[in-house]
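In what follows, a single structure is set out as structure tokens and then discussed.
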């Protein structure tokens, strides 16, 4: 193709375009979710954390500690599976902060921030895509549990409600990690700090053991931990004994997390250098 | 010169008064005024860390100025950031495309965000890939693109809806000459369609080739502004570079050249080389004749356009320094 021809083509492509009506925040958020999910096609390894880790944790806790903690592994499974579901998904939320930090350091977000769109949509879209990942993790834990001998007393709907409750809490918790992801310079630092935060929060809970044997002060802490409330709520739903008080506390905790951390996230995002 | 007339009668793409941006104690942008007419290429020329990118980011609504005000395409930067965003596009210094996705997916993403239906977004994406010579790489991950291809894709992403004002941050830094020429052609084509382009560059050559007007920026301030012709005139007509056969004769050569030219002669880092400002090209032959008459043998000489370093030397009295390290890692 000659120089003039290619220039003519270029000019033809640059004529005035008709501007479509401005898309709403939901549409742009979903477009960003599509972007995040597309990446799985190219980097399937990023599903490792939602596939390999749940399997490893479930097997490890069931067979290493199950017998000692609950008398038999099959009995422990009934107690552990709802908890390991919570733990797996809560740990997966760390990657939200890590991948946001990676994304921003590459400069792609400069363009997003200069577009005439609802400004939180790149973040909300990323969180929606992460919810898909959390769902994958949840299904893997439940299916593995069923194979190993988990026999929930609750109905299918109650089990699904339990998973949805975990997803709501995870979505809300993710906003803490978006804040960390925006403050720290490298994704390694984000990973380090987030894990340091999450380990005590998940282990000082009733995920693995009944807090009845703990000293009083620790038991009070463990019972006040939102992760414990979530675990109790999910155990209740899956065991067919719906724990309304805990469910309401989990929803309140989720709302509080979003109300505090999403404005901080947006402030940091808008003022990022 | 009818500068005043220009700025008052032509609609302005950018009008800025006293823009300041501080990062901690460092004043990255320290009082910048701009009056950029529509339909031209305007260049910000300066070394790393001079404040070019920060100024551009403020004008593109990515950073809030600490002081000052600006109107971009007739909209107030602070009061109507969204209206500004509908009129401008930004192609950042670090490629602002997603390197995990392929070429066409990147363009579809932006088109969808602009509000196009999936079908029209696909059509527009392939049209632009074709126009920018990237049709063969449509399905290739951007990670595997060359620097020039990445830049072209980046500009194409800014053209989904052709903006009235395009910000191009160092569009050719790190590109080979052929890719650089392609980008230059794109910028020229763009301006003929009516888009105003504001570009930053570290290369005098690039500003000279592309920009109708240039602002030289250093330490967050505009230290000179005008057409490239005006800037060059302020620097002198050029520089004489001389390389001697015998380095031990350099001191004597320096004396002879400065006598013949009447301008200061700098010693280059090469122990056999010197460089001097020229008032006119005739002086060069006189200076070389003086060396010859004193049996100082010259291995090479050249008459060069003033480089960015020389522009800075003249305008600021010191060489352009690279401030990137001083300023620390930018995020």
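Chains as they are written, first to last, in the numbering used here: chain A, 63 to 335; chain B, 126 to 456.
Think of the CB as a built atom: it goes at the ideal place given N, C-alpha and C, for glycine as much as any other residue.
Residue 346 of chain B carries a strand assignment under DSSP once its states are collapsed to helix, strand and coil. Taking a 10 Å sphere around the C-beta of residue 146 of chain B, we find 16 or more other C-beta atoms and assign the residue as buried.
Per DSSP, residue 261 of chain B lies in no alpha helix (DSSP H) segment and is marked neither H nor E.
Note that the C-beta distance between residue 224 of chain B and residue 168 of chain A is below 8 Å. According to the DSSP assignment, residue 290 of chain A belongs to the alpha helix (DSSP H) that extends over 288–300. The straight-line gap separating the alpha-carbon atoms of residue 229 of chain B and residue 284 of chain B is approximately 14 Å.
Contact annotation: in the region 114–127 of chain A, no residue has its CB less than 8 Å from a CB in chain B.
By a beta-carbon distance limit of 8 Å, residue 231 of chain B does not contact residue 187 of chain B. Their separation comes to about 19 Å. Shown here for residue 265 of chain B: same chain residues with a beta carbon closer than 6 Å to its own, the five before and five after excluded, namely 227 in chain order. Within the region 170–193 of chain A, the residues whose Cβ lies closer than 7 Å to some Cβ of chain B are 170, 172, 173, 175, 176, 177, 178 and 179, listed in chain order. Under the three-state reduction of DSSP output, residue 326 of chain B falls in the strand class. The Cβ atoms of residue 167 of chain B and residue 358 of chain B lie no closer than 8 Å to each other. Between the region 219–230 of chain A and the region 299–314 of chain A, the count of Cβ pairs shorter than 8 Å is three or higher; the stretches touch. In the displayed model, residue 254 of chain B falls within a helix according to three-state DSSP. Nearest to residue 327 of chain B by alpha-carbon distance, out of B:182, B:194 and B:293, is B:293. Looking at the DSSP output, residue 146 of chain B bridges to B:154.
Taking 8 Å as the CB threshold, residue 66 of chain A stays off the interface with chain B. Pairing residue 122 of chain A with residue 107 of chain A, the inter-Cα distance amounts to about 22 Å. Of the residues assessed, residue 364 of chain B falls on the buried side of the cut-off, its CB having 16 or more other CB atoms within 10 angstroms.
In the DSSP annotation of this structure, residue 270 of chain A is not part of any beta strand (DSSP E), being labelled neither H nor E.
In the three-state scheme derived from DSSP, where H, G and I count as helix and E and B as strand, residue 395 of chain B is classed as coil. With respect to chain B, the C-beta atom of residue 83 of chain A has a partner C-beta closer than 8 Å. Of the residues assessed, residue 303 of chain A falls on the exposed side of the cut-off, its CB having fewer than 16 other CB atoms within 10 angstroms. When secondary structure is reduced to three states using DSSP, residue 167 of chain B falls in the strand class. Bounds of any beta strand (DSSP E) do not take in residue 337 of chain B, whose DSSP letter is neither H nor E. Residue 331 of chain B carries a helical assignment under DSSP once its states are collapsed to helix, strand and coil.
With a 10 Å radius around the Cβ and a threshold of 16 neighbouring Cβ atoms, residue 323 of chain B comes out buried. Closest in alpha carbon position to residue 317 of chain B, among A:74, A:65 and A:208, is A:74.
Only exposed fits residue 244 of chain B, as fewer than 16 other CB atoms lie within 10 angstroms of its CB. Bounds of the beta strand (DSSP E) holding residue 429 of chain B are 423–429. When 9 Å is used as the limit between beta carbons, residue 189 of chain B is near these residues of chain A: 332 and 333, in chain order. At a C-beta separation below 8 Å, residue 78 of chain A has these neighbours in chain B: 287. At a cut-off of 8 Å between beta-carbon atoms, residue 221 of chain B makes contact with chain A. Between the C-alpha atoms of residue 173 of chain B and residue 399 of chain B there is a straight-line separation of about 26 Å.
Closer than 9 Å at the C-beta level to chain A, one finds these residues of the region 258–284 of chain B: 258, 266, 268, 279, 281, 282, 283 and 284.
Selection A:213, A:242 and A:262 evaluated against residue 140 of chain A yields A:213 as nearest (Cα-Cα).
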